[in-house]
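With our numbering applied, the sequence shown covers 1 to 507.
Built from N, CA and C at the ideal position, the CB exists for glycine as well.
The structure presented is a predicted model; accordingly, all values stated were derived computationally and were not measured.
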Amino acid sequence: MRRHDCPASRRKPPSTPQRPPTNISKIKSGAPPNVKHKNSEQLSTTEKIGYGLGDCAANFVFFTQMVFLFDYYTEVLRLSPLHVGSIFLFSRLWDAVNDPLMGGLADRTKSRWGKYRPWILATAVPFAILFVLAYTTPDWGYTARLIWAIVTYNALMMMYTVNNVPYSALTGVMTGDISERASLVQWRFVMAMTAQFLVGAYTMTLVARFGGVDDAGEVMDPARGYQLTIALWAVLMAVFLLITFLTTRERIAPAPQQKTSVWGDLTDLTKNRNWVVLALATVLVFISLAMRGGSTLPFFRYYVVGDTVLGFQKSTDQLVGWFNGLSTAMAILGVLLSKSLAMRFGKRNVYRASLALSAVCILVFYMLPATAITPMFATQYLMQFIYGVSIPLLWAMMADVADFTEWKLSRRATAMTFAATVFALKLGLSLGGALQGYILSLHGYEADAVQTPLARSGLAQVMSLYPALAFLAAAVLLLFYQIDRQTEYDMHDELTARREATVAPSA
């Protein structure tokens, strides 16, 4: 890499907006740099796609859990909504310990493949096996089935942590370039949304195909249908994770002299106001997503009146497939727009605006009558397009938070930063699922039964009102996030100067 006397003197690439010269006087003279740097700027399209396939793999688990697990537990495994909500909620107590430990372990891993890639290789097959077991229905009594659900759900979520924390940390070490990092995250979420499209559009169709359908159109063996459908997704997941391992490289790593403890890494995080704000916003966002996603099937089964959208008559499962599948397609369009908007207006501003506008769309959804199926679809598609813009930004901003800690404290703990975010994400999913179960239980909801007006009201609330409030609260929280566009450039230039000073000979 070419040396430069001053970071501000670098030639800006055409895609990078011009900015004022950077003041690097804050770098302490003679302070040992903490990062070794190898060509962290340009990534090949193959590497970006390979990296994206890793999140495509994880989203077979993530999106299936968010949209179909509540239905599977209540309709197939025959557990009560109250117990399902409790499974989601109390399972996170272990994650409060597990996620930070995984982040600390990944940051301290040493291998010929780097710190984070070995974990992707090691978890590919076990992750797939646990995925299938979580959707396997034993012919046992209620208590035994409940215990089975608790054990398999927690094992699956633990493996999700072991896989996804190192995977997410790769974003911060594959490149240090602002534009390339934004492009990498954009590819990641295009691939992730592709998995969400497949899961949302085809899961129930495959469940019906594998489980068989009677003359009335009901699935005869949903347990078998779910198990074989998940087995298909699991095979794809394992293959994609192996491709991710083979096609990615780590380029930014802490220097050997950096010595920190897991507790020290956690302390650094809690002192970073930007991480605290982003973590709390993440919890709120995923509370909203979990409540809406988990409510979609029962909402269409027991709340919506009618079976026609855009002039097409569809079964409930087909309506859900259209609702989820085309929603994901609209979100992909938003993801594709994300990088250009972030480069122009800054990640923070775009993320905040996306959440606020999405909340407005969800509130409109709440006002629609149960017979307004086509307006429901139109509102959902608009919301997903707007929300899609924000999807890559969370993880790009989390890499910025890791940079911010290094910038201020001269210590880097990339995996710990992402581990804490994965915990916030899973906490949001669990709280959202728990709130969904508790609210529906309080409203008298019962699976596979005629719902009372109170239960139908509860379905409408968990599908729209409460998710909208969570999005609005997250948007307000982001007013306190400090890393704006100028700060991103300042951090990038100063950290690049430190890294180049490590490998470049003296002038």
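- Excluding five sequence positions before and after Leu429, the CB atoms of its chain that fall closer than 6 Å to its own CB belong to Phe286 and Ala290, given in chain order.
- Where Tyr202 is concerned, the enclosing alpha helix (DSSP H) starts and stops at Ile178 to Gly211.
- The three-state secondary structure of Val219, taken from DSSP, is strand.
- The criterion of a C-beta distance shorter than 8 Å is satisfied by Tyr351 and Leu393.
- Remark: three or more beta-carbon pairs, one from each stretch, lie closer than 8 Å, so the stretch 469-478 and the stretch 352-369 are flagged as touching.
- Taking the C-beta atoms as reference points, Ser327 is found nearer than 8 Å to Gly200.
- The DSSP-derived three-state label of Ile483 is coil.
- Counting only unbroken stretches of 4 or more residues, the alpha helix (DSSP H) elements lying wholly within the stretch 364-430 are 373-409, in sequence order.
- When the beta-carbon positions are compared, Gly388 and Leu333 come within less than 8 Å of each other.
- Between Thr74 and the set Thr137, Cys56 and Ala122, the nearest pair of CA atoms involves Thr137.
- Counting C-beta atoms within 10 angstroms of its own C-beta, Met367 has fewer than 16 neighbours from the protein chains shown and is therefore classed as exposed.
- For Glu47, the uninterrupted alpha helix (DSSP H) run begins and ends at Thr45 to Thr64, by DSSP.
- 8 Å or more divides the Cβ of Tyr51 from the Cβ of Glu250.
- By the criterion of a C-beta distance shorter than 7 Å, Asn98 is surrounded in its chain by Met158 and Thr161, once the five residues flanking it on both sides are discounted.
- Counting the other Cβ atoms within 10 Å of the Cβ of Glu218 gives fewer than 16, which makes it exposed.
- For the 8 Å CB-CB criterion, Ala419 and Pro100 form a contact.
- About 23 Å separates the beta carbons of Cys361 and Thr194, which is beyond the 8 Å limit, so they are not a contact pair.
- In the three-state DSSP reduction, Ser295 falls in the helix class (H, G or I).
- Across the structure, Ala372 and Arg301 are spaced so that their CA atoms are roughly 15 Å apart.
- Check the Cα spacing between Arg456 and each of Lys110, Tyr445 and Ala238: the tightest is with Tyr445.
- Here the stretch 140-153 does not lie against the stretch 205-215, with fewer than 3 beta-carbon pairs under 8 Å apart.
- The C-beta of Lys347 has 16 or more other C-beta atoms within 10 Å across all chains shown, which makes the residue buried.
- Taking the CA atoms as reference points, Ala447 sits about 42 Å from Gly104.
- In this structure, Tyr481 keeps its C-beta atom at 8 Å or more from the C-beta atom of Leu357.
- Annotated three-state conformation of Tyr135 is coil, per DSSP.
- In the three-state reduction of the DSSP assignment, His492 falls in the helix class.
- In the structure shown, Leu77 falls within a coil segment according to DSSP collapsed to helix, strand and coil.
- Per DSSP, the unbroken alpha helix (DSSP H) holding Trp322 starts and ends at Thr316 to Phe345.
- If the five residues before and after Arg292 are omitted, its C-beta is found closer than 7 Å to the C-beta atoms of Met463 and Pro467, all from its own chain and listed in chain order.
- When DSSP states are grouped into helix, strand and coil, Ala447 belongs to the coil group.
- As the crow flies, the alpha-carbon of Leu121 is around 16 Å from that of Glu47.
- The C-beta separation of Thr109 from Leu269 comes to about 19 Å, leaving the pair out of contact by the 8 Å criterion.
- Straight-line spacing of the CA atoms in Trp322 and Thr379 works out to 14 Å.
- Contact between Ala216 and Val305 does not hold, since their C-beta atoms are separated by about 20 Å, which reaches or exceeds 8 Å.
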